[in-house]
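In our numbering, the protein residues as written are 60 to 181.
Cβ atoms here follow ideal geometry from the backbone N, Cα and C, with glycine treated the same way.
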C-alpha cells in the first residue's frame, strides 16, 4: 500500500490495527491517521534501529504521566507499562475504554489529566 501511495488503504489498515474502541465509520480517527501518514514516511530514514531508549528512561527527571489505552495492541500496552515502571515517579493512568486514540475516545478525561499534570508542575 505504501509503495503504491494508497493512503486510504493505509488509513483503513491503521484503524483496524489501532482503533479497537472505534465502531464502524470513525471520521475523526481517520482524519488523524491521514494527517500523520506523511510524517511517518518522512521519519523513516531518521529512525535508529535499537536505539536503547528504554535503558535511558530512568534519566527522566520531569514529572511524567502516561495515559494507557487498555484496548491498544497487547505489545503497546506491555511497552507502556514497562516505560511507566522505568520512569521515576511516572503516573500510569489506565483508560479502559480507549485504544491508541485516547484523545478521541475520552477527550474530557485526557484534557483533565493534562491539566492535572500541568498544575502539579506549577
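Exercise. Decide if the stretch 118 to 138 is in contact with the stretch 93 to 108; the criterion is three or more beta carbon pairs, one per stretch, under 8 Å apart.
Key: Contact between the stretch 118 to 138 and the stretch 93 to 108 is absent: fewer than 3 CB-CB pairs across the two stretches fall below 8 Å.
Exercise. Quick one: measure Cβ to Cβ for residue 152 and residue 116, integer angstroms, because I've assumed they're closer than 8 Å.
Key: What you label residue 152 is simply residue 93 of the chain shown in a count that begins at 1. What you label residue 116 is simply residue 57 of the chain shown in a count that begins at 1. Cβ atoms of residue 152 and residue 116 stay farther apart than 8 Å, at about 17 Å.
Quiz item: Around the C-beta of residue 77, are 16 or more other C-beta atoms found within 10 angstroms, so that it is buried, or is it exposed?
Solution: Along the chain shown, read from residue 1 onward, the residue named residue 77 stands at position 18. The residue is buried, with at least 16 neighbouring Cβ atoms inside 10 Å.
Quiz prompt | Contact check, residue 160 vs residue 62, beta carbons under 8 Å | solution = To locate residue 160, count along the chain shown from 1; it is residue 101. To locate residue 62, count along the chain shown from 1; it is residue 3. No, the Cβ-Cβ distance between residue 160 and residue 62 is not below 8 Å.
Quiz prompt | Range of the contiguous alpha helix (DSSP H) that encloses residue 93 | solution = Stepping through the chain shown from its first residue, residue 93 is reached at position 34. Looking at the DSSP string, the run of the alpha helix (DSSP H) that includes residue 93 is 86 to 102.
Practice problem: Would you tell me roughly how many angstroms separate the C-alpha atoms of residue 65 and residue 74, rounded to the nearest one? | Solution: Translated into the one-based positions of the chain shown, residue 65 becomes position 6. Translated into the one-based positions of the chain shown, residue 74 becomes position 15. A straight-line Cα-Cα distance of about 14 Å links residue 65 and residue 74.
Quiz item: Do residue 89 and residue 164 have their C-beta atoms within less than 8 Å of each other?
Solution: Looking up residue 89 in the chain shown gives position 30. Looking up residue 164 in the chain shown gives position 105. It is not a contact, given that the beta carbons lie outside the stated cut-off.
Self-check item: Inter-residue CB distance, residue 124 and residue 150 (contact presumed, cutoff 8 Å)
Solution: Stepping through the chain shown from its first residue, residue 124 is reached at position 65. Stepping through the chain shown from its first residue, residue 150 is reached at position 91. Correct: roughly 5 Å between the Cβ atoms.
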